[in-house]
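Peer 1: Chains as they are written, first to last, in my numbering: chain A, 1 to 84; chain B, 1 to 412.
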């Protein structure tokens, strides 16, 4: 899985979690919370959807890794590759 | 005891056959049912009443996703009521705004959904949503309204089975009279068709309606009636002390004349006509009225074989001294049983009678059950009457809770 593909999977989840948000111009290197209206409950939803849709577990200690799309890709891509 | 006068100044509703009072009333006067076949999880298709309001009129998509169906119904109705009332909430002291919503039940839908969800993951509870708890706390629908409105006064639900819609209004009047709030946003709501459990429960009780034509499934007083049609809905009013309403030049739909809430203390499910009659009589006394003052009786009758007969017996006993009986009707024949919303929604369907002097009928009565044949029934087509100065609204519920609410024409 490429970094871009991983980011797209995260964006797909966010589009369901935050359906009012315009996701067409999300900057990959900026914290998601700084450019979208996401709160801690929304991040719990993202974690849940990663678990449900992709069988990916994100331990609480690693939630910080989901801060931006770039950090998501860096953290999640190896997990997706390990499942492939 | 002389009570502070309480009046209705705004109405917001969603019913299976209308999302505004005008549309709903039009349906009630033209025989338009809101019942259709609906897919029920694990059970196939059953007659049910679903509402067709647009939740996004007052909520963001995200709030709809996080919240509950009952919350969306509540927010829609509360916002519609406020708009109808002409109240500018932003100019009010929001700490003096109370939200009081009657519910039959809440949380079944959300719990069923989560159990169903984890069934797809071998019942592993790590797939159980963190949203489950806020969705299922009993105050949830009222809390969603307070979040949406930014109102900071008391906001909670009142669990009272199918008597709850009336009791939402009654409780609001009490809080206004106590001076706890200056504006009450009150009524009843239900999301019940979203849960298979209520269908399965009534089916196991042999009390779930069937008919080849779903629009005829809910047929109180009909000889062939065979049970309840489960529906969702909501009806929320703005209530104010009369002096406050007059001071701002409010439109006044009617005045709360009196009420009673009592308990059968006899059975979990079966009603008690003696206590029902007592509830009506105590409401009349509370209103300072006699049976001669009542022009419309809106029945609770749910289309069950026994319950309808017992309510008819109770009403006949109370009004037996009347030379000319009040007009007696039933709204569930159009919309099914909207559970926590029933009392409030059924009252709303009758309030326009103060203006048009027309009583909406009970529809679907092809052959009147002789045991329900009491004087005054308005069957199958509307009836024009000479006087509508007081409407008596019954709502009864499981565990033997009864509520009667009397609304009278407002006179200065």
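All residues carry an ideal CB built from backbone N, CA and C; glycine is no exception.
Being a predicted model, the structure only gives us computed values, none of them experimental.
Beta-carbon separation of residue 402 (chain B) and residue 350 (chain B) under 8 Å?
Peer 2: Their beta carbons are not under 8 Å apart, which means residue 402 (chain B) does not touch residue 350 (chain B) by this criterion.
Peer 1: Helix, strand or coil for residue 51 (chain B) per DSSP?
Peer 2: Three-state result, residue 51 (chain B): coil.
Peer 1: Quick one, which residues of the stretch 62–95 of chain B are near chain A if we go by CB-CB under 8 Å, in chain order?
Peer 2: Hits within the stretch, in order: 62, 65, 66.
Peer 1: Taking three-plus beta-carbon pairs below 8 Å as touching, is the stretch 191–199 of chain B in contact with the stretch 225–243 of chain B?
Peer 2: At 8 Å Cβ cutoff, the stretches touch.
Peer 1: Taking only the alpha-carbon atoms, compute the straight-line gap between residue 85 (chain B) and residue 23 (chain B) and give it to the nearest angstrom.
Peer 2: Whole-angstrom Cα-Cα distance: 18 Å.
Peer 1: For the putative contact between residue 36 (chain A) and residue 18 (chain A), defined by C-beta atoms under 8 Å, what is the C-beta separation to the nearest angstrom?
Peer 2: Their Cβ separation, rounded to whole angstroms, is 6 Å, which keeps residue 36 (chain A) and residue 18 (chain A) in contact under 8 Å.
Peer 1: Can you tell me the Cβ-Cβ gap for residue 345 (chain B) and residue 13 (chain B), rounded? I've got them flagged as a contact below 8 Å.
Peer 2: Sure, about 6 Å apart at Cβ, within 8 Å.
Peer 1: Comparing the C-beta of residue 1 (chain A) with each C-beta of chain B, is any distance below 8 Å?
Peer 2: No, no contact with chain B.
Peer 1: Would a check of beta-carbon distances place residue 140 (chain B) closer than 8 Å to chain A?
Peer 2: Chain A contact via Cβ: absent.
Peer 1: Starting from the beta carbon of residue 127 (chain B), find every residue of chain A whose beta carbon is closer than 9 Å, and list them in chain order.
Peer 2: Those are 48, 51, 52, listed as they occur along chain A.
Peer 1: Could you give the residue range of the alpha helix (DSSP H) that holds residue 245 (chain B)?
Peer 2: From DSSP, the alpha helix (DSSP H) with residue 245 (chain B) extends over 242–247.
Peer 1: Quick one: what's residue 396 (chain B) bridged to in DSSP?
Peer 2: The partner list for residue 396 (chain B) (beta bridge, DSSP) reads B:402.
Peer 1: Quick check: what's the CA-CA separation for residue 239 (chain B) versus residue 54 (chain A)?
Peer 2: Cα to Cα, residue 239 (chain B) sits roughly 51 Å from residue 54 (chain A).
Peer 1: Between which two residues does the beta strand (DSSP E) holding residue 257 (chain B) run?
Peer 2: Here the beta strand (DSSP E) through residue 257 (chain B) covers 254–263.
Peer 1: Answer with yes or no whether the minimum CB distance from residue 12 (chain A) to chain B is below 8 Å.
Peer 2: No - not a single Cβ of chain B is within 8 Å of the one on residue 12 (chain A).
Peer 1: Report the rounded CA-to-CA distance for residue 12 (chain A) versus residue 6 (chain A), giving the unit in angstroms.
Peer 2: The straight-line gap from Cα to Cα measures roughly 10 Å.
Peer 1: Throw me the rounded Cβ distance for the residue 188 (chain B) and residue 103 (chain B) pair, which I believe falls under 8 Å.
Peer 2: Confirmed, Cβ separation roughly 7 Å.
Peer 1: Answer yes or no: do residue 75 (chain B) and residue 253 (chain B) have a C-beta to C-beta separation smaller than 8 Å?
Peer 2: Not a contact, by the Cβ cut-off of 8 Å.
Peer 1: Within a Cβ cutoff of 7 Å, which residues of the same chain sit near residue 27 (chain A), ignoring the five residues on either side of it in sequence?
Peer 2: Counting only Cβ-Cβ distances below 7 Å, and skipping sequence neighbours, we find 35.
Peer 1: Mind listing the chain B neighbours of residue 20 (chain A)? Cutoff is C-beta to C-beta under 7 Å, in chain order.
Peer 2: Within chain B, the residues near residue 20 (chain A) are 60, 61, 62.
Peer 1: Checking the sheet assignment: what are the DSSP bridge partners for residue 103 (chain B)?
Peer 2: DSSP lists B:159, B:189 as partners of residue 103 (chain B).
Peer 1: With a threshold of 6 Å on Cβ separation, who are the neighbours of residue 172 (chain B) within its own chain once the five nearest residues in sequence on each side are excluded?
Peer 2: Excluding sequence neighbours, residue 172 (chain B) sits near 100, 184, 186, 239.
Peer 1: Does DSSP put residue 123 (chain B) in a helix, in a strand, or in coil?
Peer 2: The answer is coil: DSSP assigns residue 123 (chain B) none of H, G, I, E or B.
Peer 1: Using the Cβ count rule (16 or more neighbours within 10 Å means buried), how would you classify residue 217 (chain B)?
Peer 2: With 16 or more Cβ atoms within 10 Å of its Cβ, residue 217 (chain B) is classed as buried.
Peer 1: Let me make sure I understand the geometry here. Which of B:78, B:65, B:159, B:198 has the alpha-carbon closest to that of residue 41 (chain B)?
Peer 2: If we check each option's Cα against that of residue 41 (chain B), B:198 comes out closest.
Peer 1: Does the beta-carbon of residue 215 (chain B) have 16 or more other beta-carbons within 10 angstroms, so that it is buried, or is it exposed?
Peer 2: Residue 215 (chain B) should be labelled buried.
Peer 1: I want to see whether chain A comes within less than 8 Å of residue 130 (chain B), judged by CB atoms only; does it?
Peer 2: Yes, residue 130 (chain B) counts as interfacial toward chain A.
Peer 1: Which stretch, first to last residue, makes up the alpha helix (DSSP H) that contains residue 327 (chain B)?
Peer 2: From DSSP, residue 327 (chain B) is part of no alpha helix (DSSP H) but of the beta strand (DSSP E) over 327–329.
Peer 1: Is it buried or exposed, residue 130 (chain B), if we count other Cβ atoms within 10 angstroms and call 16 or more buried?
Peer 2: Its Cβ having fewer than 16 others within 10 Å, residue 130 (chain B) is exposed.
Peer 1: By Cβ distance below 7 Å, which residues in the same chain neighbour residue 3 (chain A) in space, the five residues on each side in sequence not counted?
Peer 2: Closer than 7 Å at Cβ, skipping near neighbours: 73, 77.
Peer 1: So for residue 58 (chain B), helix, strand or coil by DSSP?
Peer 2: Residue state, collapsed to three classes: coil.
Peer 1: Select from B:391, B:10, B:236 the residue whose C-alpha is nearest the C-alpha of residue 70 (chain B).
Peer 2: For the residues B:391, B:10, B:236, the minimum Cα distance to residue 70 (chain B) belongs to B:236.
Peer 1: Does the Cβ of residue 88 (chain B) have 16 or more other Cβ atoms within 10 Å, making it buried, or fewer, making it exposed?
Peer 2: Counting Cβ neighbours within 10 Å, residue 88 (chain B) comes out exposed, since fewer than 16 surround it.
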